[in-house]
Structures are given as structure tokens and as C-alpha cells.
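Q: Top to bottom, those sequences are chains A and B.
Residues in the first sequence are numbered from 3 upward in steps of one, following the working numbering.
Residues in the second sequence are numbered from 3 upward in steps of one, following the working numbering.
A virtual CB, placed ideally from N, CA and C, is assigned to each residue, including glycine.
Number of protein chains: 2
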Amino acid sequence: MKKYCYDYPRPSLTVDCAVFGYEAGGAVKVLLIERDAEPYAGTWALPGGFVGMDETLDEAARRELEEETGLANIYLEQLYTFSNVHRDPRGRVISTAYYALVSLAGRTPQAASDARSAQWYPLRKLPELAFDHAHILETAVERLRAKVRYKPIGFELLPEKFTLTQLQQLYETVLEQSIDKRNFRKKIIAMDLLKPLDEFRQGANRPAQLYSFDRTKYRQLEQSGFLFEV
Amino acid sequence: MKKYCYDYPRPSLTVDCAVFGYEAGGAVKVLLIERDAEPYAGTWALPGGFVGMDETLDEAARRELEEETGLANIYLEQLYTFSNVHRDPRGRVISTAYYALVSLAGRTPQAASDARSAQWYPLRKLPELAFDHAHILETAVERLRAKVRYKPIGFELLPEKFTLTQLQQLYETVLEQSIDKRNFRKKIIAMDLLKPLDEFRQGANRPAQLYSFDRTKYRQLEQSGFLFEV
DNA sequence: TCAAAAGTGTTGACGGTACACCCATGT
DNA sequence: ACATGGGTGTACCGTCAACACTTTTGA
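1. Would you verify that the beta carbon of B:Arg12 is, or is not, closer than 7 Å to some beta carbon of chain A?
2. Under 9 Å Cβ-Cβ, which residues of chain B neighbour A:Asn86?
3. Is A:Ala132 near A:Thr45, with beta carbons less than 7 Å apart?
4. Measure how close the beta-carbons of B:Leu146 and B:Tyr82 come, nearest whole angstrom, since I'm counting them as under 8 Å.
5. Am I right that A:Leu59 and A:Ala20 are in contact with their C-beta atoms under 8 Å? What's the rounded C-beta distance?
6. Taking just the CA atoms, how far does B:Gly23 sit from B:Leu166?
7. Candidates A:Phe157, A:Ser180, A:Leu15: which alpha carbon is nearest A:Leu106's?
8. Determine, using beta carbons only, whether A:Thr175 and A:Ser97 come nearer to each other than 7 Å.
9. Check each residue of the stretch 91-107 of chain B: if its Cβ is closer than 9 Å to any Cβ of chain A, include it; give the result in chain order.
10. Is DSSP giving A:Glu79 helix, strand or coil here?
11. Below 8 Å on the Cβ atoms is my contact criterion, and I expect A:Val53 with A:Leu73 to pass it. Report the Cβ-Cβ distance as a whole number of Å.
12. At a CB-CB cut-off below 8 Å, which residues of chain A make contact with B:Gln80?
13. Could you have a look at A:Lys4 and say whether DSSP puts it in helix, strand or coil?
14. Can you tell me whether DSSP reads B:Phe230 as helix, strand or coil?
15. So the alpha helix (DSSP H) B:Leu177 belongs to, where does it begin and stop?
16. Please work out which residues of its chain come closer than 8 Å, Cβ to Cβ, to B:Pro224, disregarding the five sequence neighbours upstream and downstream, and give them in chain order.
17. A:Thr58 bridges to which residues according to DSSP?
18. For A:Arg235, report the span of its beta strand (DSSP E) as first-last.
19. Whole angstroms is fine: what's the gap from A:Pro91's alpha carbon to B:Pro11's?
20. What's the gap between the Cα of B:Pro198 and the Cα of B:Tyr213?
21. Can you check whether the CB of B:Ser14 is closer than 7 Å to the CB of B:Val95?
22. Give the straight-line distance between the Cα atoms of A:Gln171 and A:Arg109, rounded to the nearest whole angstrom.
23. Taking a Cβ distance cut-off of 8 Å, strictly less, list which residues of the stretch 42-55 of chain B are near chain A, in chain order.
24. So which residues of chain B does A:Leu15 contact, with C-beta pairs closer than 7 Å?
25. Skipping 5 residues on each side, what residues in its chain have a beta carbon closer than 7 Å to that of A:Arg37?
This is how it looks when you write it as C-alpha cells:
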């Protein structure tokens with residue numbers, strides 16, 4: 003068998019991850035790492051790296067994420083493959099971007115774990131980014147905003163147990179628009195995807211009913227044609 | 003500057019195109035080419051090939067499409083990057099898939115042009131496909147079905163001038179469901195995106211008003227928050 | 001008792017769906 | 001004149017948007 007595909011120069015391939023984090027009441031944040039190698043040493047960048055020969059892109063993305071930020075077992079989805087010829091000064095590097103969602107509730111503010119300097123930046127206060135990562139991030143934000151409306155991915159940004167107000171604030175933050183409380187609750191409750199728990203969130207004021215998202219039920223409903231929509 | 007990215011073995015990168023064609027009243031068809039080289043010689047496959055060092059993935063997809071099928075200047079959009087480790091028996095080959103839309107109206111039935119054997123296959127009567135192309139095609143069909151509902155890409159499958167009945171049949175075919183004629187017309191006309199022409203389609207029966215899709219107007223409306231929906 | 005967030009229903013407007021007949025043409 | 005596809009309107013129903021007050025708690 004001819005192996006002609008090995009006879010030609012070819013682009014390098016990387017993965018980059020736009021990791022979105024959220025904590026009730028806060029802004030959406032992005033996890034960036036400070037590069038310690040050239041090019042762009044000292045500049046902030048999306049976590050990512052080269053793809054190994056024995057791993058899929060998904061696996062590479064998860065591996066890099068864990069190596070560079072300590073994050074594991076989080077929601078991760080392929081976004082787009084960026085291929086501008088000059089996007090990397092090292093030469094021809096094509097990058098498949100992923101986006102990830104994670105709840106920051108209960109995490110230490112600097113969730114860098116033991117990895118090298120990683121930091122959560124609010125979406126509105128980003129530093130300058132290396133390569134075409136600003137462009138990748140824009141694309142990821144667009145996708146998040148669009149998809150959160152018709153797939154229940156918003157729950158990935160919340161803790162397992164959450165209140166309806168927290169859910170609403172999440173949507174208001176991501177979509178950048180205020181939502182009527184009564185209409186929102188009616189719609190969400192009507193979908194019948196949230197299990198009310200025997201628990202309440204205690205705070206300075208009236209306790210709030212805690213809910214959890216019923217993934218199993220969602221999968222069933224989805225199969226029978228149900229469409230999630232906010 | 004260290005060029006360490008060139009010091010490691012790396013996957014090859016290809017593009018593959020799922021090209022959908024449609025002609026009024028017919029089924030949706032896919033353009034396949036018969037492979038003449040190993041692996042999978044003699045098997046049908048999506049048009050595609052290796053990515054050059056000086057071209058983006060979009061450019062590579064368009065180039066391969068023109069080389070292998072003669073098609074140029076058609077609607078093309080990135081679909082997904084497929085990276086299973088064993089998807090190609092030649093070794094590690096990662097492929098970014100695209101999907102394309104083209105109107106078959108007025109083309110010769112075998113639109114293979116002067117390229118090597120290319121053929122339009124109805125979506126429901128596909129031959130066995132090489133590599134993971136069956137899987138890619140499934141993904142492309144899903145995307146087409148989903149996107150045709152909320153972006154005006156259906157028009158890419160029709161000729162410049164078309165009747166409302168043709169548009170409706172297109173949607174009925176792609177979505178695999180029948181649509182009420184009066185409601186469909188009301189909705190489409192209300193969007194105010196179709197220019198009625200001073201022309202009628204002549205045939206065996208009553209002549210039908212011809213329309214064309216107003217891309218400029220759509221872009222304007224889109225910017226001011228308008229959402230296309232069928 | 002006050003401040004702060006939780007929780008709850010009704011009404012009117014709008015858009016979606018269901019549905020049947022006449023029209024214009026070529027044969 | 002007839003067969004074929006083109007073209008049109010109305011009535012009902014369900015969904016969405018607007019809107020304000022009471023409740024429960026901790027301080």
C-alpha cells in the first residue's frame with residue numbers, strides 16, 4: 003500500500019480550549035494561561051497544545067486542559083477548526099478549537115490548581131491574547147450564546163443544586179438581557195426537567211427552593227421530539 | 003525561536019466535502035466520486051484530499067471540489083473535524099469535513115464535468131462509502147436539516163429564480179414532512195425576503211410567479227435582530 | 001420592623017394551525 | 001371541457017409578554 007500521505011510536508015495540528023466559568027451572581031469568565039515559551043512568551047492564551055499521534059482531538063483537548071489547568075470531567079464540545087495560513091508565527095499550524103463549561107461555585111477563586119499560572123478573566127476585561135485566540139474566543143462566545151437558548155447546556159455552568167433565580171441570572175448574564183421572573187419560572191417549570199429537591203438554599207433572606215437538572219428525563223423527551231428553548 | 007513543532011511526528015490533514023444537490027421535485031442528492039487509488043479503490047467516497055501548506059481549509063475544500071467534480075463558487079461551510087485514530091488505514095489522518103449546497107436545475111444529469119467519475123446519489127440510495135464517510139455524511143445531513151430551519155440556506159439548493167411551490171417542496175423534502183400551502187406562503191411572504199419578479203414559470207398549467215431571494219435585505223434584517231425561521 | 005430576595009396569576013396580543021375553493025393555462 | 005398545479009382568507013387556539021403584590025427569613 004502506498005503511503006504517499008507521508009511524503010509531503012504537512013501542517014501541525016493543535017487544540018485550543020475556550021473554558022467558560024460562572025458563579026452565581028458573577029460574570030462569565032474565561033480561563034487563560036500565561037505562556038512561558040516563545041512565541042508570545044508572557045502573553046495570555048487559551049489552554050491547548052499539540053495533538054498526539056494516538057489520541058483524538060477530544061482526547062487531546064481534555065489532556066491539555068488537565069495538564070495546564072487541572073480541570074477534568076467537564077462539558078467539552080468541538081467549536082471550529084481555524085486554519086489561517088499565518089495564524090502561528092512558528093509555521094503552518096492549524097488548530098481545532100473546543101469550548102468547555104464549568105461551574106465555579108465552591109472552587110477557590112484562583113482555580114489554577116497546581117498547574118502553571120492560569121487565571122479566570124471576566125469576558126469583558128480580557129488581556130491581549132496570543133495568536134488568533136481573541137478571534138477563537140469571539141466565535142466561542144457566539145456559539146455559547148446561541149446554543150444556550152436551544153440546548154440545556156446552561157446547567158453545566160451551575161452547581162448540581164441551584165435555585166431558579168440562579169438559573170435566571172445565568173441566562174440574563176449570558177444573553178445580556180433581562181428576563182421576566184414569572185414568565186421565566188413558568189416556562190422552565192412547564193418543561194418539567196427540573197427536580198425540586200428536599201433542600202433549600204439558606205441565606206440572608208427567604209430560603210429558596212433548590213432544583214437539579216434531570217438529564218435522563220431530558221434525553222427521553224428529546225428523543226420524542228421535545229425542543230428545549232429559553 | 004524554537005521550532006519545536008516540527009520535531010514531532012504529526013497527523014496528516016485532509017478535507018472532505020458532503021455536496022448536496024437538489025432539483026425541483028426530486029430528492030436531495032449527494033455527489034460522490036469513485037476512488038481510483040488505494041485504500042478503498044473502486045469504492046465511492048466524498049470528494050476531498052490533503053491540505054496544502056499554503057491554503058486554508060476552506061481553500062483546500064474549494065480546490066479539491068473543483069479538481070474532482072468541476073464545481074466552483076458554491077455555498078460551502080465547515081461542518082466538523084473528524085479525528086478517530088483509525089479512521090484511515092494509511093495512518094493517522096484527521097479530516098475537516100465541509101458541506102456544500104448546489105442547485106441541480108439546468109445541470110446535465112451526470113454533472114461530473116470533465117473530472118473523473120463523479121455521480122449524484124439520492125440520499126436514500128447510497129452505495130457503501132469509504133473511510134468514515136458514511137458517518138460524516140450523517141452528520142452533514144443532520145446539520146443541513148437543523149440549519150435550513152433557521153438560516154436561509156435552502157435557497158442555495160434552488161436556482162436564482164424559483165416559485166413558492168418549489169421552495170415549499172424543497173423544505174418538505176429536506177425536513178421530510180408536509181407543510182400547509184397557505185400557511186407556508188403567508189409566512190414566507192411576511193418575511194419580505196423574496197422579490198417577486200416580472201416573470202412567470204410557464205408549464206402545462208397555470209403560470210407561477212417567480213421569486214428571487216434578496217440576500218442584501220436579509221443581511222440588513224439579520225443585523226437588526228430579525229430571525230429567519232421556517 | 002425593616003431590608004432583601006422568593007414566590008405567585010391574570011389578561012391581552014400575537015402568531016400558528018387547520019381547513020376548501022376558485023383560477024389560469026395547456027391539451 | 002377537463003386535468004393540473006397556482007393562488008387565496010378566516011376562525012380558533014395556544015403561547016408569549018406585560019405587569020405588582022405577598023411571603024419568608026435574617027439582621
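A: Taking the geometry as given:
1. B:Arg12 counts as touching chain A.
2. For the C-beta of A:Asn86, the chain B residues within less than 9 Å are, from N- to C-terminus, Thr58.
3. Judged by beta-carbon spacing, A:Thr45 lies within the 7 Å limit of A:Ala132, meaning their Cβ atoms are closer than that value.
4. The Cβ separation is near 13 Å, so there is no contact.
5. Rounded, the Cβ-Cβ distance is 14 Å, inconsistent with contact.
6. The straight-line gap from Cα to Cα measures roughly 19 Å.
7. In terms of Cα proximity to A:Leu106, the closest of A:Phe157, A:Ser180, A:Leu15 is A:Phe157.
8. Taking 7 Å as the Cβ cut-off, A:Thr175 and A:Ser97 do not qualify as a contacting pair.
9. Residues of the stretch 91-107 of chain B that bring their beta carbon within less than 9 Å of a beta carbon in chain A comprise Pro91, Arg92, Gly93, Arg94, Val95, Ile96, Thr98, in sequence order.
10. For A:Glu79, the secondary structure class from DSSP, reduced to helix, strand or coil, is strand.
11. Contact doesn't hold; Cβ gap of about 18 Å is too wide.
12. By Cβ distance, chain A contributes Tyr82, Thr83.
13. Its pLDDT being 40, under 50, A:Lys4 is placed unreliably by the model, and nothing is read from it.
14. In this structure, B:Phe230 counts as coil in the three-state DSSP scheme.
15. Unbroken alpha helix (DSSP H) run through B:Leu177: 166-177.
16. In the sequence under discussion, the amino acid at residue 224 of chain B is Glu, which differs from the Pro named in the question. So the list reads Phe230, once near-sequence residues are dropped.
17. Under DSSP, A:Thr58 shares a beta bridge with no residue.
18. This structure gives no information on residue 235 of chain A, because the portion of chain A shown stretches from 3 to 232.
19. Rounded to whole angstroms, A:Pro91 to B:Pro11 spans 19 Å at the Cα level.
20. Taking the CA atoms as reference points, B:Pro198 sits about 4 Å from B:Tyr213.
21. Closer than 7 Å, so yes.
22. Their backbone Cα atoms lie some 19 Å apart in a straight line.
23. Within the stretch 42-55 of chain B, the residues whose Cβ lies closer than 8 Å to some Cβ of chain A are Phe52, Val53, Met55, listed in chain order.
24. Those within 7 Å of A:Leu15 in chain B are Arg12, Pro13, Leu15, Ile96.
25. Beyond the five residues adjoining it in sequence on each side, A:Arg37 comes within less than 7 Å, by CB distance, of Ala43, Gly44, Thr45, Ala47, Ala132 in the same chain, given in chain order.
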